[in-house]
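Student: So our numbering is basically just the index in the sequence shown, starting at one, shifted up by 18.
Even for Gly, the Cβ is constructed at its ideal location relative to N, Cα and C.
Nothing here was measured: the structure is a model prediction, and the numbers come from that model.
Take this structure, written in structure tokens, and hold onto it; I'll ask about it next.
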Amino acid sequence: RCRGDLRFASKAVRSERVVAVVAPCEALARAARAIVGDALVRTVPLGVRVVDSFDPPSALSGGAPRVVAILGEGRDERAFAAALQAARTALEVVPDLYFLLEVPTGTTSSRWRFARTWAILHRTTAIAATAVGGRLAMTAVHACDLVLCTEAHEGPRPEVLAALGRGVPVIAVADPMADALVDGETAIVLGAGEARAAIWTDALLASLQHPEHARRIAAQGRRLVLARHRSSSAALACLATATDLVRGGPMAFAAATQPSKS
Numbered sequence: 019r020c021r022g023d024l025r026f027a028s029k030a031v032r033s034e035r036v037v038a039v040v041a042p043c044e045a046l047a048r049a050a051r052a053i054v055g056d057a058l059v060r061t062v063p064l065g066v067r068v069v070d071s072f073d074p075p076s077a078l079s080g081g082a083p084r085v086v087a088i089l090g091e092g093r094d095e096r097a098f099a100a101a102l103q104a105a106r107t108a109l110e111v112v113p114d115l116y117f118l119l120e121v122p123t124g125t126t127s128s129r130w131r132f133a134r135t136w137a138i139l140h141r142t143t144a145i146a147a148t149a150v151g152g153r154l155a156m157t158a159v160h161a162c163d164l165v166l167c168t169e170a171h172e173g174p175r176p177e178v179l180a181a182l183g184r185g186v187p188v189i190a191v192a193d194p195m196a197d198a199l200v201d202g203e204t205a206i207v208l209g210a211g212e213a214r215a216a217i218w219t220d221a222l223l224a225s226l227q228h229p230e231h232a233r234r235i236a237a238q239g240r241r242l243v244l245a246r247h248r249s250s251s252a253a254l255a256c257l258a259t260a261t262d263l264v265r266g267g268p269m270a271f272a273a274a275t276q277p278s279k280s
């Protein structure tokens with residue numbers, strides 16, 4: 019599912035039970051092939067629900083209010099703080115903004131502190147991300163007009179794909195393992211390690227003040243998700259992969275144990 023899971027790939031080569039390593043995008047598949055070789059790797063794209071028709075986010079159509087979801091899984095609190103500082107600056111320019119903050123376990127106090135520091139508490143709602151019941155951040159994505167993703171997930175993140183599939187503009191930190199994020203084509207991608215408050219502010223205000231550009235990029239992101247990451251397409255790819263494995267294909271299966279002759 020992400021780069022961290024590649025540590026298990028080398029074990030797969032030595033196991034007689036493992037017949038395939040399945041990756042959710044081509045970037046991770048390439049990384050897996052470098053470890054275990056081509057024959058063991060299959061790509062089954064991560065799928066998300068995408069509707070065929072939808073209402074454009076209000077941030078793109080000029081409606082109000084405008085809701086910005088700020089996502090971060092708790093690994094880089096400095097980047098999250100920088101995004102909140104940018105949110106405060108944007109609020110001074112675009113006063114009808116509201117913010118949904120992803121708050122993973124263990125980051126609650128720091129994120130509320132950041133929101134208080136940048137004086138946006140009165141415009142902020144927290145969305146808890148818990149192990150029980152899945153990621154509630156998906157709720158934020160379906161209620162927002164713009165997504166800021168402050169950390170590299172090191173693989174395709176379902177919430178970000180869902181946002182792209184809705185035609186929502188995405189501003190994200192660079193992630194080489196998430197090949198759906200292409201700067202200037204499907205999203206605005208900020209260089210890793212360069213996501214300072216000023217850079218977040220520039221990107222956020224550009225999306226809010228130039229909706230026609232944001233709309234064009236968001237439409238391309240939606241087309242990519244429709245082509246590669248629909249849940250129905252992912253299910254078909256999973257079925258095709260399973261069928262291929264059952265039939266044998268080019269995979270190396272463990273030899274069956276032969277009964278001893280008496």
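Using three-state DSSP, classify P229 as helix, strand or coil.
Tutor: Helix.
Student: Under a Cβ-count criterion, where at least 16 other Cβ atoms within 10 Å of its own Cβ denotes burial, should D56 be classed as buried or exposed?
Tutor: So D56 ends up on the exposed side.
Student: Determine whether the beta carbon atoms of R17 and I138 lie at a separation below 9 Å.
Tutor: Limits of the chain in this structure are 19 at one end and 280 at the other, which puts residue 17 out of reach.
Student: Which value, in whole angstroms, describes the spacing of the CA atoms of G151 and L222?
Tutor: Any reading at G151 is ruled out, since the residue's pLDDT is 40, under 50, leaving its predicted position unreliable.
Student: When the Cα of T157 is compared with those of G173, L115, V86, which residue comes out closest?
Tutor: Closest option to T157, Cα to Cα, is V86.
Student: In chain order, what residues of the same chain have a beta carbon less than 7 Å from the beta carbon of G92, not counting five sequence neighbours either side?
Tutor: Once the five neighbours on either side are set aside, the close Cβ partners of G92 are P122, G124, T125.
Student: Tell me the DSSP secondary structure of A41 in three-state form.
Tutor: Looking at A41 - three-state DSSP - the assignment turns out to be strand.
Student: First and last residue of the alpha helix (DSSP H) that includes E110?
Tutor: It spans 95 to 111 - the alpha helix (DSSP H) in which E110 sits, taken as one unbroken run.
Student: Are the Cβ atoms of G183 and A237 separated by less than 9 Å?
Tutor: In this structure, A237 does not lie closer than 9 Å to G183 by Cβ.
Student: For chain B, is any of its Cβ atoms less than 9 Å away from the one on E95?
Tutor: Annotation note: the requested chain B is absent from the structure, which comprises a single protein chain.
Student: For A57, does the three-state DSSP call read helix, strand or coil?
Tutor: Correct three-state label for A57: coil.
Student: Can you tell which of A170, H140, I189, G173 has its C-alpha closest to the C-alpha of D163?
Tutor: Out of A170, H140, I189, G173, I189 has the C-alpha closest to the C-alpha of D163.
Student: How many angstroms separate the CA atom of F132 from the CA atom of R241?
Tutor: Roughly 35 Å separates the two Cα atoms.
Student: Buried or exposed for R129, please, with buried defined as at least 16 other CB atoms from any protein chain shown within 10 angstroms of its CB.
Tutor: Burial call: buried.
Student: Tell me which same chain residues have a C-beta within less than 8 Å of the C-beta of T143, skipping the five on either side of it?
Tutor: Contacts found: Y116, F117, L118, L119.
Student: Please state the DSSP three-state secondary structure of L135.
Tutor: A small correction: the amino acid at residue 135 is Thr; Leu does not occupy that position in the sequence shown. DSSP places T135 in helix when its eight states are reduced to three.
Student: Mind checking which residues open and close the alpha helix (DSSP H) that includes L254?
Tutor: Segment 249 to 265, the alpha helix (DSSP H) holding L254.
Student: Are the CB atoms of A97 and T219 within a distance shorter than 9 Å?
Tutor: For T219 and A97, no; Cβs fall outside 9 Å.
Student: Report the option in D197, A170, L179 whose CA atom is closest to the CA atom of A210.
Tutor: It is A170.
Student: Tell me, please, which residues DSSP counts as bridged to I145.
Tutor: According to DSSP, I145 bridges with E120.
Student: May I ask which residues mark the beginning and end of the beta strand (DSSP E) holding V191?
Tutor: Note, V191: beta strand (DSSP E), 188 to 191.
Student: If you run the structure through DSSP and keep just helix, strand and coil, what is L199?
Tutor: Looking at L199 - three-state DSSP - the assignment turns out to be coil, as it is neither helix nor strand.
Student: Specify, as a first and last residue, the run of the alpha helix (DSSP H) that A180 falls within.
Tutor: Segment 176 to 183, the alpha helix (DSSP H) holding A180.
Student: In the structure shown, what three-state DSSP assignment does A87 receive?
Tutor: The answer is strand: DSSP assigns A87 an E or B state.
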